[in-house]
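First the structure, in the form of structure tokens, and then the observations on it.
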Amino acid sequence: MKKKLSELAEYVGGTLIGDGDAEISGVASIDDARPGEITFIANPKYLRKLGETSASAVIVSKEVTTADKFLIRAANPHLAFVKILTLFLVKPYQPKGIDPSAQISPTAQLGKDLTIYPYVYIGDRCRIEDRVALYPGVYVGGDSVIGEDSVLHPNVSVYSGSVIGKRVILHSGVVIGADGFGFVKEGKTNVKIPQVGRVIIEDDVEVGANSTIDRAALGQTIIRRGVKIDNLVQVAHNVEIGEDSIIVAQVGIAGSTKIGKNVILAGQVGVGGHIEIGDNVQVGGQSGVGQSLPSNQAYSGNPAMPHREWLRTVMTLPKLPGMRKILTDIETRLKKMEEAISLKEKEK
Amino acid sequence: MKKKLSELAEYVGGTLIGDGDAEISGVASIDDARPGEITFIANPKYLRKLGETSASAVIVSKEVTTADKFLIRAANPHLAFVKILTLFLVKPYQPKGIDPSAQISPTAQLGKDLTIYPYVYIGDRCRIEDRVALYPGVYVGGDSVIGEDSVLHPNVSVYSGSVIGKRVILHSGVVIGADGFGFVKEGKTNVKIPQVGRVIIEDDVEVGANSTIDRAALGQTIIRRGVKIDNLVQVAHNVEIGEDSIIVAQVGIAGSTKIGKNVILAGQVGVGGHIEIGDNVQVGGQSGVGQSLPSNQAYSGNPAMPHREWLRTVMTLPKLPGMRKILTDIETRLKKMEEAISLKEKEK
Amino acid sequence: MKKKLSELAEYVGGTLIGDGDAEISGVASIDDARPGEITFIANPKYLRKLGETSASAVIVSKEVTTADKFLIRAANPHLAFVKILTLFLVKPYQPKGIDPSAQISPTAQLGKDLTIYPYVYIGDRCRIEDRVALYPGVYVGGDSVIGEDSVLHPNVSVYSGSVIGKRVILHSGVVIGADGFGFVKEGKTNVKIPQVGRVIIEDDVEVGANSTIDRAALGQTIIRRGVKIDNLVQVAHNVEIGEDSIIVAQVGIAGSTKIGKNVILAGQVGVGGHIEIGDNVQVGGQSGVGQSLPSNQAYSGNPAMPHREWLRTVMTLPKLPGMRKILTDIETRLKKMEEAISLKEKEK
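Chains as they are written, first to last, in this note's numbering: chain A, 4 to 351; chain B, 4 to 351; chain C, 4 to 351.
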């Protein structure tokens, strides 16, 4: 594929400096780019690389006005680059049809232009919408829906009654709708609480490899539109995650907790059950959240505290043994002085 | 399904207040219940909802003696509710037979009333007992046993030589019997220690989606009767988990460690290798346990300490930077006083 | 299998004390060994067991020179034992051929002496080298390479374009080459950054059950020769892990981070993105590494600090509430003294 630089500038809504007729044949990182390719600089501290790269054109921020290279100036250079990268490198969907060895219930309802690989199982009364791709080993339990243009990678398991929206991507090994973890004690025995709710995943959600989203006990577990979940994440029963939130790898969210919109939970965060995390909250890696967190703030630590407070605390932590020594020393000196003074009192 | 209220009261061993002939047609949470349905209140603080729910009947504790609703008074209202929920909503097992496309070794021994879906693989000399259900993509390696009434959800892998008890539930993606993680250094190279032991899972165990239980190096990894394991949990080689223990999501237990009976490990806890955790121990979320813990106590933190001590510690943590300031201030003042006194000494 | 003791001594390069013609028929741990079997003692504190074991022969360190048992004295007794264990208990590879139900692209290139089970899928233009074993449910996406003697256990997913070296072991549920987790904001929406790089796994790597190694955004994610990865580990896009490093269960490594050679990351460690961990570094369990770590040192804690410093810090932690009380007490006493002295000043 080749594109004129002027076309690319227009495609990303940027302004062009240089030869609009120059042909661009590929996209690469600033260090790897070769002549004929386009790259980008988002962080001003890498601007010195403008002179070093072999790329023919560079996408830069509006602040940059001149260089030896052709430039596309964009409000968000990274976003502009991603759009051009997608244009060059992401192949449009091509339906491959339905492999005859796939096991599809006669009561399942199938859309058009599907891609269904071997070893796929589709249960009774499912609805598989147009242009869905189901890779080998995918299991879709009965009464489930897979929305238009969704892709389920190899060995994904979707338990019965799940609802998956449009343009959803589930990576290999994802498990949707397994039983929530609920037991009640009868003496010492753990009696299983039936998990008879379901999972709803809205449009434009992506779930990383081997992540698990449990069905609700009653009602539903809901992943809202645009949420992005990384690998090996655990979402328990009856959780709700708000629109556009980002859940990084190995996060665990306990039952019935509600995560707001546009939240970021960094890697390995643990969130307790039955709490609420407000909109736009950011939680630092490995933090433990045991109580509800108000909106629009950053938190870290276990138990989670405001991020700045946590920073001050952990910077002081290594000084703790030293502080203890000083404290003992002060106590001794203070006692000595108290005795000295009391002695003088008596002397009088 | 419809049941008389008197039948339900008898079924859960509760006492009835109201019309025993009233017909109950369903079960729901207190907020969602409609007329004709039964619900429950376990926590006294929700008793005000007795007046608000549309449910026809409510299961309550023995303390409650009167209300506008029909009541079933039970010693453990939550347990009674779960039993009725199970009665109404959990369908009895219906064998679906053996799909002809499943690959079953001729030397495998098959019980009756099985459900074996397509794409199931059963190796040589396995024993699959009565009423077992194996979902699509399940792999059972040679010389394994799957006990009566057990359910292996889609894409579960059971390595050769594993023993799974009766009424065991393995959720999708569970891996039983993969090699333990053992290496010995030869120079810089990691030489693999053969993992030639096996995994034994006793009766009534449930294992959550994508959890992994490794085979022993020599001997066995044992999950005792009634243990419940959540999603994405790691159980290393030669671990033993005692009866009725509860292991919450993303916990990791290192090699050769022994967990007692009736233990609760909360989410994301890490337990080191070659230690013992006593019976009835509870460990708080994200704790790190590096040393053996005596029975009958609650622990938290990394390294784990008694839970109350941990609570006091973490409540003090955010005050640490302030304490440091005070300490510096005190040191200055003390020095000044010492100088003042020593000055006076000299003055004399 | 039976081996003469002299043969075994020679096989491991050890020196023999006792009857070289004695026949050894098996291998076991020191507590379980029976007559005719060989065992080992690596740790001097267990030497007392020399008198208690029923084993016919014991592998010991060079320091041990006499005992009632036959001895093989070896520089590294554990390593010698592992070699004999492997000799006795690990069966040599036997190719089982290609199951006719496996789905193999006609453009795939197949080596000899393969074992390909049912429900295996091999995509276009793959190269599967000699003596590879692919268990049921394995998916190998197009343009991938699986090197000689590698074993992919059941339900492993290898996305397209991945390169797997020789003698690699991937345990069940491993996912290689799923999309890295990369998004750029356009307003509130998360726009997917195409992940068009790949994964390279070099020779002699082992990856534990349900671990995930993401493909690079651009370029490659690389796992170097001899790396051993435990279960449920997350390796993000563009990460590189150096030779012979050991990554214990549930570790997470964020994008573009470079791990040195011979590193050990203990269980549940989290490593941030875009940093470097030097050669021979050891990081303690559950630590959080947010910044680059120089080589040849041990670290612990979150944020990670030198291990000894961390030990001192966490030993002081439980004393924190007590320290706070003392501090308050000292403040009061100091104030009293200051007032007393200032009083005296005035008295004068």
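Just so you know, even glycine gets a beta-carbon here, dropped at the ideal spot from N, CA and C.
Nothing here was measured: the structure is a model prediction, and the numbers come from that model.
Taking C-beta pairs closer than 7 Å, name the residues in chain B that methionine 308 (chain A) reaches, listed in chain order. Chain B residues near methionine 308 (chain A): Pro321.
To the nearest angstrom, how far is it from the Cα of asparagine 241 (chain A) to the Cα of glycine 183 (chain A)? In a straight line, the C-alpha of asparagine 241 (chain A) is about 8 Å away from that of glycine 183 (chain A).
Would you list, in chain order, the members of the region 276-287 of chain A that have their beta-carbon closer than 7 Å to a beta-carbon of chain C? Taking 7 Å as the Cβ-Cβ cut-off against chain C, none of the residues of the region 276-287 of chain A qualify.
Taking 7 Å as the CB-CB limit, is asparagine 213 (chain B) close to chain C? Closer than 7 Å to the CB of asparagine 213 (chain B) there is at least one CB belonging to chain C.
Does the Cβ of lysine 99 (chain C) have 16 or more other Cβ atoms within 10 Å, making it buried, or fewer, making it exposed? By the neighbour-count rule (16 or more Cβ atoms within 10 Å), lysine 99 (chain C) is not buried but exposed.
Residue of C:Ala25, C:Leu50, C:Asn46 and C:Ser32 minimising C-alpha distance to glycine 39 (chain C): For glycine 39 (chain C), the closest C-alpha among the options C:Ala25, C:Leu50, C:Asn46 and C:Ser32 is that of C:Ala25.
Can tyrosine 124 (chain B) and glutamine 97 (chain B) be called in contact, C-beta distance under 7 Å? No.
Quick check on the DSSP output: what are the complete alpha helix (DSSP H) runs of length 4 or more inside the region 95-142 of chain C, in order along the chain? Those alpha helix (DSSP H) runs which fall completely within the region 95-142 of chain C and span 4+ residues do not exist here.
Tell me, please, whether the CB atom of lysine 338 (chain C) is closer than 7 Å to any CB atom in chain A? Cβ-Cβ to chain A under 7 Å: no for lysine 338 (chain C).
Please list the residues of the region 241-259 of chain B that have a C-beta atom closer than 8 Å to any C-beta atom in chain C, keeping them in chain order. Within the region 241-259 of chain B, the qualifying residues are Gln253, Gly255 and Ala257.
Span separating the alpha-carbon of leucine 74 (chain C) from that of glutamate 66 (chain C): For leucine 74 (chain C) and glutamate 66 (chain C), the gap between their C-alpha atoms comes out near 12 Å.
Mind checking the region 261-276 of chain C against chain B and listing, in chain order, the residues whose C-beta falls within less than 7 Å of any C-beta there? The region 261-276 of chain C vs chain B, Cβ under 7 Å: Asn265, Gly270 and Gln271.
Taking the beta carbon of histidine 277 (chain C) as the centre, do at least 16 other beta carbons fall within 10 Å, making it buried, or is it exposed? Here histidine 277 (chain C) is exposed, its C-beta having fewer than 16 other C-beta atoms within 10 Å.
Once the 5 residues before and after glycine 29 (chain B) are set aside, which same chain residues still bring their CB inside 7 Å of it? The residues are Gly39, Glu40 and Phe91.
Residues from the region 221-233 of chain B in contact with chain A, defined by Cβ distance under 9 Å: Contact annotation: in the region 221-233 of chain B, residues whose CB is within less than 9 Å of a CB in chain A are Gly229, Val230, Lys231, Ile232 and Asp233.
Does the Cβ-Cβ distance between arginine 128 (chain B) and threonine 110 (chain B) come in under 7 Å? Their beta carbons are under 7 Å apart, which means arginine 128 (chain B) touches threonine 110 (chain B) by this criterion.
Output yes if chain A places a C-beta closer than 7 Å to the C-beta of valine 317 (chain C); else output no. No - not a single Cβ of chain A is within 7 Å of the one on valine 317 (chain C).
Consider the Cβ of glutamine 289 (chain B): report whether some Cβ of chain A lies at a distance smaller than 7 Å. Using a CB distance cut-off of 7 Å, glutamine 289 (chain B) counts as an interface residue toward chain A.
Closer than 7 Å, CB to CB, is serine 345 (chain C) near chain B or not? For serine 345 (chain C), no CB of chain B lies under 7 Å from its own CB, so it is not counted at the interface with that chain.
Going along the chain, which residues of its own chain have a beta-carbon closer than 7 Å to the beta-carbon of histidine 310 (chain C), five neighbours each way excluded? Contacts found: Gly287, Ala301, Tyr302 and Ser303.
Does serine 9 (chain C) come out as helix, strand or coil in the three-state DSSP assignment? Helix.
Check the DSSP bridge columns for threonine 18 (chain A) and list the partner residues they point to. Bridge pairing for threonine 18 (chain A): A:Arg76 [DSSP].
Under the rule that 16 or more other beta-carbon atoms within 10 Å means buried, what is alanine 83 (chain C), buried or exposed? It counts as buried.
Nearest-angstrom Cα separation, counted from isoleucine 256 (chain A) out to alanine 220 (chain A): CA-to-CA, the gap between alanine 220 (chain A) and isoleucine 256 (chain A) works out to about 15 Å.
With DSSP run on the structure shown, which of helix, strand or coil describes phenylalanine 43 (chain B)? In the structure shown, the three-state DSSP call for phenylalanine 43 (chain B) is strand.
Give me the Cα-Cα distance between aspartate 206 (chain A) and isoleucine 167 (chain A), rounded to the nearest whole angstrom. Aspartate 206 (chain A) and isoleucine 167 (chain A): Cα-Cα distance of roughly 8 Å.
Where serine 57 (chain C) falls: helix, strand or coil (DSSP): Serine 57 (chain C) falls in the coil class under three-state DSSP.
Between serine 9 (chain C) and glycine 23 (chain C), is the Cβ-Cβ spacing less than 7 Å? Cβ distance < 7 Å, so serine 9 (chain C) and glycine 23 (chain C) count as in contact.
Listing by chain order, which chain A residues have their CB less than 8 Å from the CB of serine 108 (chain C)? Neighbours of serine 108 (chain C) on chain A: none; closest Cβ ~11 Å, over 8 Å.
Secondary structure at phenylalanine 91 (chain B), three-state DSSP: helix, strand or coil? Helix at phenylalanine 91 (chain B).
Leucine 221 (chain B) (DSSP reduced to helix, strand or coil): In this structure, leucine 221 (chain B) counts as coil in the three-state DSSP scheme.
With 7 Å as the threshold, decide whether the Cβ of serine 32 (chain B) is near any Cβ in chain A. Among the residues facing chain A, serine 32 (chain B) is included, as its CB has a counterpart in that chain under 7 Å away.
Using a C-beta cutoff of 7 Å, does leucine 82 (chain B) count as contacting chain D? You won't find chain D in this structure, because its protein chains are A, B and C.
Is the Cβ of proline 297 (chain B) closer than 7 Å to any Cβ of chain C? No, no contact with chain C.
For serine 175 (chain B) versus proline 197 (chain B), is the C-beta distance shorter than 7 Å? Going by C-beta atoms, serine 175 (chain B) is not nearer than 7 Å to proline 197 (chain B).
Assuming valine 317 (chain C) is part of the alpha helix (DSSP H), what are its boundary residues? Start and end: 310-319.
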